[in-house]
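To keep things clear, I will list the structure first and then write my remarks on it.
Here it is, written out as structure tokens:
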């Protein structure tokens, strides 16, 4: 026990080393949050284009672009995508690394969200669509007021899983020199030459956040279904 | 001869054809529907009567022919179909209420979006209609809390809230438990009495006999016979009509 507290002090208290974890966690949050927003927006747009193209046979070119995007993003590792976006696309050293990470993870997440949302849209009975159209609502209005709200509810658990995956995937941000939570733990390890404390601490922090996220999502789910089921 | 209720023609359908793949489901179908007329279309399953009805508001695209609604061609993609649909109410076999909205929201959505009614105007209109069918206490319920009969009556109200010129009914009682059929037919009868123009696809021969001004018999994508209920039910001219009526009555 003596040993444990000594190690704890050495890894986290001495030289304010906990700040590495704290600052890293902030970066992890920022990347995850904004990447998720990009991912959800991109995912919904791609899903609506894909399902509209399947349904009406129109939008051939946008649909082809969406398919290409899905194939590339889902067919290559997210780490390679991050490195390409940082080293190949944004070659300027002045560009913010957090910005690069947000873009990379957002584009990556968008592809997975698109497929989740597409399955959600396809799960809605076509009668719902017809009822909306028969009232005089336009194609897009029907999507906006009738289809998307129901699809969103159906895919909320899957979107929750996607946000959890995204949070954990951002742990590779260190590869472009970003100090996220994982990298923060690494720095402590390089200072103290101890692996156990910093790595377990990082793992526990991820775990707690994921558990909080899950709890938040199930609450949201219950609220969205309130009165209806 | 079909009974001419009023000379104003709401729908003038001329020689429409419809294919599903190579399968011809509508074969040069023509029909006039006059203002205030209740037209009931009967026929065996797969005869094309639902498809015909769905062509009237372009939920199905026709392959040939024209459908004039108040003089405007529904089948012409240059005409704004959304504007036209605002005046053509439709009721479905499966009700298709929006499950994520309360009954009130179901009814007020389209009038607010499309007729630009204020929330209070739309709600007033909705409550008036709900009171008429005795379901004003369900305004804040979600559809899954309702019986099939209640759902269908509310679906009718939802279409009526747009104050349409004509109402299309696609087998409105076929998905209902027998004890709920009556309450839905009652609402439809009231509507007919008030002079609403109605096109009804149904298997309810009692309704057809009692309420219809004209009855059309369809088989294999063709209209074989049209006439007053008395003519069709008591003295059918076509062999297939006779056979069909014998099997269902």
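Protein chains in written order, with the UniProt record's numbering: chain A, 1 to 229; chain B, 1 to 249.
Even for Gly, the Cβ is constructed at its ideal location relative to N, Cα and C.
Leaving out the 5 sequence neighbours to the left and right, which residues in its chain are closer than 8 Å to residue i when beta-carbon positions are compared?
i	result
residue 220 of chain B	27, 47, 48
residue 5 of chain B	Unreliable positioning characterises residue 5 of chain B in this predicted model, as indicated by a pLDDT of 49, which lies under 50. The coordinate reading is nonetheless provided below. The answer, listed in chain order, is 34, 35, 36, 37, 213.
residue 102 of chain B	139, 140, 141, 142
residue 32 of chain A	105, 163, 166, 167, 170
residue 27 of chain A	98, 173, 178, 179, 180, 181
residue 204 of chain B	173, 181, 185
residue 199 of chain A	185, 189
residue 144 of chain B	99
residue 11 of chain A	17, 188, 192, 194, 197, 198, 201
residue 210 of chain A	164, 167, 168
residue 8 of chain A	197
Considering only C-alpha positions, which residue in the set the options is nearest to residue i?
i	options	result
residue 109 of chain A	A:120, A:38, A:149	A:38
residue 39 of chain B	B:107, B:175, B:169	B:169
residue 21 of chain B	B:43, B:137, B:63, B:41	B:63
residue 94 of chain B	A:129, A:77, A:117	A:129
residue 8 of chain B	B:207, B:71, B:15	B:71
residue 167 of chain B	B:196, B:231, B:206	B:196
residue 82 of chain A	A:100, A:127, A:191, A:134	A:100
residue 100 of chain B	A:13, A:30, A:4, A:150	A:150
residue 171 of chain B	B:32, B:80, B:41, B:189	B:41
residue 71 of chain A	A:107, A:34, A:134	A:107
residue 123 of chain B	B:92, B:222, B:162	B:162
residue 23 of chain A	A:202, A:76, A:207	A:202
residue 65 of chain B	B:19, B:105, B:228	B:19
residue 134 of chain A	B:158, B:151, B:117	B:158
residue 90 of chain A	A:214, A:176, A:14	A:176
residue 250 of chain B	B:115, B:237, B:104	Nothing can be reported for residue 250 of chain B, as the shown portion of chain B is limited to 1 through 249.
Considering only residues of the same chain and omitting the five flanking positions on each side of residue i, which have a CB-CB separation below 7 Å?
i	result
residue 212 of chain A	none
residue 149 of chain B	176, 180, 183, 184
residue 233 of chain B	209, 245
residue 160 of chain B	89, 129
residue 195 of chain A	189
residue 127 of chain A	none
residue 47 of chain A	114, 117, 118, 121
residue 51 of chain B	18, 25, 26, 60
According to DSSP, residue i sits in a beta bridge with which residue or residues?
i	result
residue 32 of chain B	B:12
residue 23 of chain B	B:20
residue 41 of chain B	B:201, B:216
residue 64 of chain B	B:17
residue 90 of chain B	B:168
residue 226 of chain B	B:216
residue 69 of chain B	B:11, B:72
Between residue i and residue j, which are expected to be in contact by the criterion C-beta below 8 Å, what is the C-beta distance as a whole number of angstroms?
i	j	result
residue 154 of chain A	residue 123 of chain A	6 Å
residue 29 of chain B	residue 13 of chain B	6 Å
residue 112 of chain B	residue 119 of chain B	7 Å
residue 192 of chain B	residue 215 of chain B	With a Cβ gap of about 13 Å, residue 192 of chain B and residue 215 of chain B do not count as contacting.
residue 56 of chain B	residue 199 of chain B	7 Å
residue 205 of chain A	residue 36 of chain A	In fact, because the Cβ distance is near 18 Å, the residues do not count as touching under 8 Å.
residue 51 of chain A	residue 121 of chain A	5 Å
residue 201 of chain B	residue 53 of chain B	5 Å
residue 73 of chain B	residue 79 of chain B	6 Å
residue 103 of chain A	residue 80 of chain A	With 8 Å as the limit, residue 103 of chain A and residue 80 of chain A do not qualify as a contact, their Cβ atoms being about 15 Å apart.
residue 224 of chain A	residue 159 of chain A	Their Cβ separation, rounded to whole angstroms, is 12 Å, which puts residue 224 of chain A and residue 159 of chain A out of contact at 8 Å.
residue 75 of chain A	residue 110 of chain B	The pair is not a contact, with the Cβ atoms about 43 Å apart (cut-off 8 Å).
residue 111 of chain A	residue 73 of chain A	4 Å
residue 225 of chain B	residue 238 of chain B	5 Å
Only counting the same chain, and skipping five residues up and downstream in sequence, which positions put a Cβ closer than 6 Å to that of residue i?
i	result
residue 187 of chain B	133, 153, 156
residue 132 of chain A	142, 146
residue 85 of chain B	57
residue 43 of chain B	49, 217, 218, 219
residue 5 of chain A	none
residue 53 of chain A	59, 63
residue 92 of chain B	170
residue 32 of chain B	9, 12
Say the cut is 7 Å; is the CB of residue i nearer than that to a heavy atom of the ligand PLP?
i	result
residue 151 of chain B	Annotation note on the ligand PLP: not contained in the displayed structure, which lists no ligands.
I'd like to know if the stretch 60 to 76 of chain A and the stretch 207 to 226 of chain A are in contact, where contact means that at least 3 CB-CB pairs between them fall below 8 Å. Contact fails: fewer than three Cβ-Cβ distances are below 8 Å.
For the 8 Å Cβ check, are there 3 or more pairs between the stretch 185 to 195 of chain A and the stretch 37 to 55 of chain A? No: the two stretches stay apart, fewer than three of their Cβ pairs being nearer than 8 Å.
Do the stretch 84 to 96 of chain A and the stretch 13 to 22 of chain A make contact, defined as three or more Cβ pairs closer than 8 Å? Judged by Cβ distances under 8 Å, the stretch 84 to 96 of chain A makes no contact with the stretch 13 to 22 of chain A, as fewer than three pairs qualify.
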